[in-house]
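Working notes, beginning with the structure itself.
Numbering (the working numbering), first residue to last: 1438 to 1785.
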């Protein structure tokens, strides 16, 4: 059974668990500028602390350890540490040339974490639900730090700081790196501008047409930025869904910006309109005055359990502020609920 077939079989049987925040966990290590630089980049001209994707090269031990903590918490979908790993975002650090290398390394690290955890489970006598069979590497493709739909100049609404082709080219290189590193899934996530997502979808289609490889499952996750129920670029949830369904995604969902309580009505709406599987990975509540997240694992899990009870979910996890204890609590809370059933589509 190939990877996609295994994944779809599991999705028919249960709610799968997505991992939690990477940045939250990296912060716990209290890494220094030197940690980020490592020996290879010790003389880099600019500061690199904060470039978490770079840690795939300079502190792979940290990234793999974080992946393993989420696996131990019950995660099935392990996201690569590549949220900003494309030339446009890496330009902030002058590290555009590292984009491909970072993506390859990130996918390999996630795969290594799964295989190491699998070996540990086998050594402990586990014979069913082995990580190698029920866990998958999702190549994380973030929204980019430039937007195609909005002008960065309030005095010139028609101005754009980047073109569609430039965005698509950046994503194409990232996709190549993720696939060469062994990703099972491509996850276009935290979408606040659907045109950027369309560029990512275009790049995915072009890459697999060019290489004649079998296209992996595609997961798409948008971000509702406020109580209006719209993305930052102004689309309603339904409009967003319609705009990306041509990608034939395995799933569509929501992540970031909101805690589970605030995300609730949007997940409900998505479950009603989506023809594919539905995902949700909310923040651990809303940030406090210090920018920190106070919602406990038990609080987050209780809210998410209601989503599952209502039959809205196929995959669930956590975003900003969430930790392995959050994911473990979520996994426990949704375990007894069946997954959302795909709607039966009319045929012509």
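Glycine residues also receive a C-beta, built at the ideal position from the N, C-alpha and C atoms.
Check: Residue 1783 - DSSP class collapsed to helix/strand/coil; Outcome: Confidence at residue 1783 is low in this model, with a pLDDT of 49, below 50, so the placement of that residue should be treated as unreliable; the coordinate-derived value is given next. Coil.
Check: Burial state of residue 1732 (16 or more Cβ within 10 Å); Outcome: buried
Check: Other residues of its chain near residue 1596: CB distance less than 6 Å, five sequence neighbours each side excluded; Outcome: 1588, 1590
Check: Helix, strand or coil at residue 1450 according to DSSP, with G and I counted as helix; Outcome: helix
Check: Check whether residue 1584 and residue 1529 have beta carbons under 8 Å apart; Outcome: no
Check: Residue 1500, buried or exposed, once every other Cβ within 10 Å from all chains shown has been counted against 16; Outcome: buried
Check: Residues near residue 1475 in its chain [Cβ-Cβ closer than 8 Å; skip 5 each side]; Outcome: 1494, 1495, 1496
Check: Residues that residue 1516 bridges to, as DSSP identifies them; Outcome: 1575
Check: contact_flag[the stretch 1549-1566, the stretch 1639-1646] where n(CB pairs < 8 Å) is 3 or more; Outcome: no
Check: Residue interval of the beta strand (DSSP E) (run including residue 1658); Outcome: 1655-1659
Check: Residues bridged to residue 1691 (per DSSP); Outcome: 1659, 1717
Check: N-terminal and C-terminal residue of the alpha helix (DSSP H) that residue 1539 is part of; Outcome: 1536-1560
Check: Of the residues 1478, 1532, 1451, 1487, the one placed nearest residue 1774, counting alpha carbons only; Outcome: 1451
Check: Contact the stretch 1454-1473 vs the stretch 1504-1520: 3+ CB pairs below 8 Å; Outcome: yes
Check: Enclosing alpha helix (DSSP H) for residue 1740 [first to last residue]; Outcome: 1734-1746
Check: C-alpha distance - residue 1783 paired with residue 1507, whole-angstrom precision; Outcome: Low confidence applies here, because residue 1783 scores a pLDDT of 49, under 50, leaving its location unreliable and the question unanswered by this model.
Check: Element boundaries [beta strand (DSSP E), containing residue 1628]; Outcome: 1622-1628
Check: Contact between the stretch 1652-1661 and the stretch 1678-1693 (3+ Cβ pairs under 8 Å); Outcome: yes
Check: Contact under 8 Å by Cβ, residue 1525 with residue 1582; Outcome: yes
Check: Three-way DSSP call (helix, strand, coil) for residue 1591 in this model; Outcome: coil
Check: Helix, strand or coil at residue 1700 according to DSSP, with G and I counted as helix; Outcome: helix
Check: Cα-Cα separation between residue 1712 and residue 1753, rounded to whole angstroms; Outcome: 17 Å
Check: Proximity of residue 1716 and residue 1615 at Cβ, strictly below 8 Å; Outcome: no
Check: Selected residue, minimal CA-CA separation from residue 1521, among 1547, 1487, 1560; Outcome: 1487
Check: Buried versus exposed, by CB contacts within 10 Å (16 or more), residue 1683; Outcome: exposed
Check: Classification of residue 1651 by the beta-carbon crowding that lies within 10 angstroms, buried from 16 upward; Outcome: exposed
Check: Alpha-carbon spacing of residue 1618 relative to residue 1592, whole angstroms; Outcome: 43 Å
Check: Given residue 1728 as reference, the closest of 1720, 1735, 1734 once Cα atoms are compared; Outcome: 1720
Check: Simplified DSSP state of residue 1730, which is helix, strand or coil; Outcome: strand
Check: Residue 1667 - partner residues in DSSP beta bridges; Outcome: 1673
Check: Residue 1477 versus residue 1534: straight-line alpha-carbon distance, rounded; Outcome: 14 Å
Check: Residue 1489 versus residue 1470: straight-line alpha-carbon distance, rounded; Outcome: 11 Å
Check: Residue 1680 classed as buried or exposed, judged by whether at least 16 other C-beta atoms fall within 10 angstroms; Outcome: buried
Check: is_contact[residue 1624, chain D] using C-beta, thresh 8 Å; Outcome: In summary, chain D is missing from the structure at hand, where a single protein chain is found.
Check: Residue 1459 in three-state terms, based on DSSP; Outcome: coil
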